[in-house]
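Residue numbers (our numbering), protein chains in the order written: chain A, 1 to 112; chain B, 113 to 226.
Just so you know, even glycine gets a beta-carbon here, dropped at the ideal spot from N, CA and C.
Okay, so here's the structure we're looking at.
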Amino acid sequence: AQTVTQSQPEMSVQEAETVTLSCTYDTSESDYYLFWYKQPPSRQMILVIRQEAYKQQNATENRFSVNFQKAAKSFSLKISDSQLGDAAMYFCAYRSSNKLVFGAGTILRVKS
Amino acid sequence: ETGVTQSPTHLIKTRGQQVTLRCSSQSGHNTVSWYQQALGQGPQFIFQYYREEENGRGNFPPRFSGLQFPNYSSELNVNALELDDSALYLCASSLEWTGEHEQYFGPGTRLTVT
């Protein structure tokens, strides 16, 4: 069974600084997708960024980028120029077929 | 384009009762997935419906059941409620069921069982 591990229950970052959230996963499959979702207090799960396992190039979406290390089964999220609106729970997720498998989440706090 | 909606927003039930949660999928989406998110945890996959048929189920007992209608909206039913069923229930719709299609989440229904 696939598992996703987020080892940082909570992280803090100063506004305008950079922070990296860690994620590792376990799978025996070769074709899959990885995601980072943001869940603010409003509860709405919002997709931040996705990575296809067959792509070697790391995905980037504006201030958000990933470091995807397939052999190490590692998928970290880097947030540059952090903003107050980035404060939320962040979930790493894995998907190969019909379901998403989520990690336990990392609470990100942004200090002004 | 209307996003994924869920109703009700929140509700309170007593142990042993039954509850029905509803989800309207995004326009054009034929797949709905349901997740349970306990407080402080990541969402757990309950099941998925594709074109009105169950298309995969997570590790949840049979008292969790679902339905998908011809317009692809969906219901989640939970019988014989237990205290541990208290959680945020999320539904997500996607264009198709396979992995390359993004799942779009609704705002969730907060269920409290007392």
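{"query": "With a floor of 3 residues, list each beta strand (DSSP E) that falls wholly inside the stretch 33 to 72 of chain A, ordered by position along the chain.", "result": "33 to 39, 46 to 52, 64 to 69"}
{"query": "Helix, strand or coil: which one does DSSP assign to A:G103?", "result": "coil"}
{"query": "B:L133 to B:P120, Cα distance in whole Å?", "result": "7 Å"}
{"query": "Between B:Q215 and chain A, is there a C-beta pair that is closer than 8 Å?", "result": "yes"}
{"query": "By a C-beta neighbour count over all protein chains shown, 10 Å radius and 16 as the cutoff for buried, is A:R95 buried or exposed?", "result": "buried"}
{"query": "Report back the beta-carbon spacing between B:Y161 and B:Q180 to the nearest angstrom; my notes put them in contact at under 8 Å.", "result": "4 Å"}
{"query": "Does the beta carbon of A:G103 come closer than 8 Å to any beta carbon on chain B?", "result": "yes"}
{"query": "Beta strand (DSSP E) containing B:N228: first to last residue?", "result": "With chain B covering only 113 through 226, there is no way to say anything about residue 228 of chain B."}
{"query": "Could you check the C-alpha separation between B:L195 and B:Q153 for me, to the nearest Å?", "result": "16 Å"}
{"query": "Of all Cβ atoms in chain B, is any one closer than 8 Å to the Cβ of A:F68?", "result": "no"}
{"query": "From the DSSP output, in three-state form, read off A:D81 for me.", "result": "coil"}
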